[in-house]
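Enquirer: Would you mind keeping the following structure in view while I ask a few things?
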Amino acid sequence: AQTIHQWPVAEIKAVGSPLSLGCTIKGKSSPNLYWYWQATGGTLQQLFYSITVGQVESVVQLNLSASRPKDDQFILSTEKLLLSHSGFYLCAWSLTGQNTLYFGAGTRLSVL
Amino acid sequence: GQQVQQSPASLVLQEGENAELQCNFSSTATRLQWFYQRPGGSLVSLLYNPSGTKHTGRLTSTTVTKERRSSLHISSSQTTDSGTYFCAVGYKLTFGTGTSLLVDP
Chain A
24 AQTIHQWPVA
34 EIKAVGSPLS
44 LGCTIKGKSS
54 PNLYWYWQAT
64 GGTLQQLFYS
74 ITVGQVESVV
84 QLNLSASRPK
94 DDQFILSTEK
104 LLLSHSGFYL
114 CAWSLTGQNT
124 LYFGAGTRLS
134 VL
Chain B
7 GQQVQQSPAS
17 LVLQEGENAE
27 LQCNFSSTAT
37 RLQWFYQRPG
47 GSLVSLLYNP
57 SGTKHTGRLT
67 STTVTKERRS
77 SLHISSSQTT
87 DSGTYFCAVG
97 YKLTFGTGTS
107 LLVDP
């Protein structure tokens, strides 16, 4: 069975500090991976997607970056957090040829 | 790009009542998925339904691709159905605005 693990569960960070959020998929090779962001009470916005190791496409510019260093790992990061980065970050996966999207438990980020 | 609107924005029901949620989108799409999010939680996939009618448990989704709309029917609602329902449409699965459902006991 596929499992998706996100870390950390929650973060409280200061404006201007760096951030790294992680996502690991186990149980399937070469998944398509996605980062989504959700403001409190809002809808979900796709930030990045990756269909293979080393390749990441940016969908929305929010002063964030993403990398896929391994087939099963997706990292979201920034060197300087803004207040507007607060929210709920969700990693998701799908398989090529199978259209259903599955989400991780998410990371709640508060930037103060 | 794809625009996705959901209605109503919020809905309050008594337990046992049925709910009808709507999803309208701007461009025809070959991917459409309904999700549920409980307060403070992650998203759970409910149904993948780009066309036609699909059922699972108390949920029925009907998508009319040509008319660029989909609905999610929840029968005999329960308090545990409370939360936000999203549809996501298109190749990039653009998310709608969501419907917040509250089911009172």
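Chain order of the listed sequences is A and B.
Each number in the working numbering corresponds to the 1-based position in the first sequence with 23 added.
Each number in the working numbering corresponds to the 1-based position in the second sequence with 6 added.
Glycine included, each C-beta is placed from N, C-alpha and C at the ideal position.
All of these numbers come straight from a predicted model, not from anything done at the bench.
For R131 (chain A), report the span of its beta strand (DSSP E) as first-last.
Expert: Taken as a continuous stretch (DSSP letters only), the beta strand (DSSP E) holding R131 (chain A) covers T130 to V134.
Enquirer: Please list, in chain order, the chain B residues whose beta carbon lies closer than 8 Å to that of T47 (chain A).
Expert: By Cβ distance, chain B contributes nothing, its closest Cβ being about 15 Å from T47 (chain A), past 8 Å.
Enquirer: Thinking C-alpha only, which one of A:K93, A:F126 and A:I27 is nearest I74 (chain A)?
Expert: Here the closest residue by C-alpha is A:K93.
Enquirer: What is the rounded straight-line gap between the Cα of N30 (chain B) and the Cα of G39 (chain A)?
Expert: Approximately 39 Å, taken between the alpha carbons.
Enquirer: Can you check the segment 31 to 61 of chain B for any beta strand (DSSP E) of at least 3 residues that lies completely inside it and give the ranges in chain order?
Expert: Counting only runs of 3 or more, we get 38 to 43 and 49 to 54.
Enquirer: Quick one, which residues of the segment 38 to 65 of chain A are near chain B if we go by CB-CB under 7 Å, in chain order?
Expert: Listed in sequence order: no entries.
Enquirer: Considering T90 (chain B), what are the terminal residues of the beta strand (DSSP E) in which it resides?
Expert: Its beta strand (DSSP E) spans residues G89 to V95.
Enquirer: State whether the segment 107 to 118 of chain A contacts the segment 61 to 79 of chain B, with contact taken as three or more CB pairs (one from each stretch) at a distance under 8 Å.
Expert: Taking 8 Å as the limit for Cβ pairs, the verdict is that the segment 61 to 79 of chain B does not touch the segment 107 to 118 of chain A.
Enquirer: Could you tell me the distance, in whole angstroms, from the CA atom of I98 (chain A) to the CA atom of I80 (chain B)?
Expert: When rounded, the distance between both Cα atoms is 37 Å.
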